[in-house]
Amino acid sequence: GAGVSQSPSNKVTEKGKDVELRCDPISGHTALYWYRQRLGQGLEFLIYFQGNSAPDKSGLPSDRFSAERTGESVSTLTIQRTQQEDSAVYLCASGRTGATEAFFGQGTRLTVV
Amino acid sequence: DAKTTQPTSMDCAEGRAANLPCNHSTISGNEYVYWYRQIHSQGPQYIIHGLKNNETNEMASLIITEDRKSSTLILPHATLRDTAVYYCIVRATGTASKLTFGTGTRLQVTL
Chain A
1 GAGVSQSPSN
11 KVTEKGKDVE
21 LRCDPISGHT
31 ALYWYRQRLG
41 QGLEFLIYFQ
51 GNSAPDKSGL
61 PSDRFSAERT
71 GESVSTLTIQ
81 RTQQEDSAVY
91 LCASGRTGAT
101 EAFFGQGTRL
111 TVV
Chain B
1 DAKTTQPTSM
11 DCAEGRAANL
21 PCNHSTISGN
31 EYVYWYRQIH
41 SQGPQYIIHG
51 LKNNETNEMA
61 SLIITEDRKS
71 STLILPHATL
81 RDTAVYYCIV
91 RATGTASKLT
101 FGTGTRLQVT
111 L
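Each protein sequence line maps, in turn, to chains A and B.
So the first sequence is numbered by my numbering: it starts at 1 and just counts up by one.
So the second sequence is numbered by my numbering: it starts at 1 and just counts up by one.
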């Protein structure tokens, strides 16, 4: 079946604009994660959705960042008033309930100019 | 989640076994050891996980010490395509715990 799909694959935006990044998880996966990876650096946890539980938002770097998920389907990560330091690859992953493996998408490369 | 310690980088000759160590001395009884890797410009890929017994799959073997304070990921016959950053993670399963990546080990497989 299809893996985790992220769109767009690349996004260039002007500083101060808002952007929305989309993640389509694997069907039936209740866990969904967002990460940020700046050039040459490790994965930085942003937010974690698990079923109907309240999401773990402890990794969101500022109130400009927010994420939503409708049920067990699509998630969107929104960055408002983008800054140059938001430039990074944003990775989404999904997994089954209490699952062991998380399956990652190919990411969205965001460039803020 | 418990913290892990891994060497920053390692080299391995192609065809030889790559043994990647990980220390997790504060691991709790309900926490598993997971390994992921990230090949350049790709999303991370799950490799293997275990609780206390050694595990093997088509990609690798995982050896966990009896006290569970450390583990070793073994790639039995490394190839150039195994060049990647390897992450050792400990995490409780079946809870609302997030998956947290450390800095990992950069494995360079050479001819």
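Backbone N, C-alpha and C fix where the C-beta goes; we use that ideal spot for every residue, glycine too.
Given residue i as reference, the closest of the options once Cα atoms are compared
i                     : options                 : result
residue 67 of chain B : B/78, B/53, B/58        : B/53
residue 39 of chain B : B/98, B/81, B/89, B/100 : B/81
residue 22 of chain A : A/61, A/67, A/50        : A/67
residue 74 of chain B : B/20, B/100, B/64       : B/20
residue 28 of chain A : A/44, A/19, A/50        : A/50
residue 7 of chain B  : B/72, B/58, B/62, B/56  : B/72
residue 20 of chain A : A/88, A/80, A/89        : A/80
residue 18 of chain B : B/3, B/62, B/55         : B/62
Beta carbon of residue i nearer than 7 Å to that of residue j
i                     : j                      : result
residue 30 of chain A : residue 97 of chain A  : yes
residue 86 of chain B : residue 111 of chain B : no
residue 60 of chain B : residue 12 of chain B  : no
residue 71 of chain A : residue 4 of chain A   : no
residue 92 of chain B : residue 23 of chain B  : no
residue 10 of chain B : residue 100 of chain B : no
Exposure of residue i, with buried meaning 16 or more beta-carbon neighbours within 10 Å
i                      : result
residue 76 of chain B  : exposed
residue 12 of chain A  : exposed
residue 125 of chain B : With chain B covering 1 to 111 only, the question about residue 125 of chain B has no answer from this structure.
residue 16 of chain B  : exposed
residue 2 of chain A   : exposed
residue 88 of chain A  : buried
Integer-rounded CB distance, given that residue j should sit under 8 Å from residue i
i                      : j                      : result
residue 120 of chain A : residue 108 of chain A : This structure does not reach residue 120 of chain A, given that chain A is present from 1 up to 113, and the question cannot be answered.
residue 46 of chain A  : residue 59 of chain A  : 4 Å
residue 16 of chain A  : residue 82 of chain A  : 7 Å
residue 64 of chain B  : residue 50 of chain B  : 6 Å
residue 110 of chain A : residue 37 of chain A  : So it is not a contact: roughly 11 Å between Cβ atoms.
residue 47 of chain B  : residue 32 of chain B  : At roughly 13 Å, the Cβ-Cβ gap does not stay under 8 Å, so residue 47 of chain B and residue 32 of chain B are not in contact.
Rounded C-alpha distance that separates residue i from residue j
i                      : j                      : result
residue 98 of chain B  : residue 34 of chain B  : 13 Å
residue 112 of chain A : residue 69 of chain B  : 43 Å
residue 32 of chain A  : residue 86 of chain A  : 21 Å
residue 42 of chain A  : residue 103 of chain B : 6 Å
residue 94 of chain A  : residue 103 of chain A : 5 Å
residue 89 of chain B  : residue 109 of chain B : 22 Å
residue 84 of chain B  : residue 10 of chain A  : 23 Å
residue 52 of chain A  : residue 25 of chain B  : 33 Å
residue 57 of chain B  : residue 64 of chain A  : 42 Å
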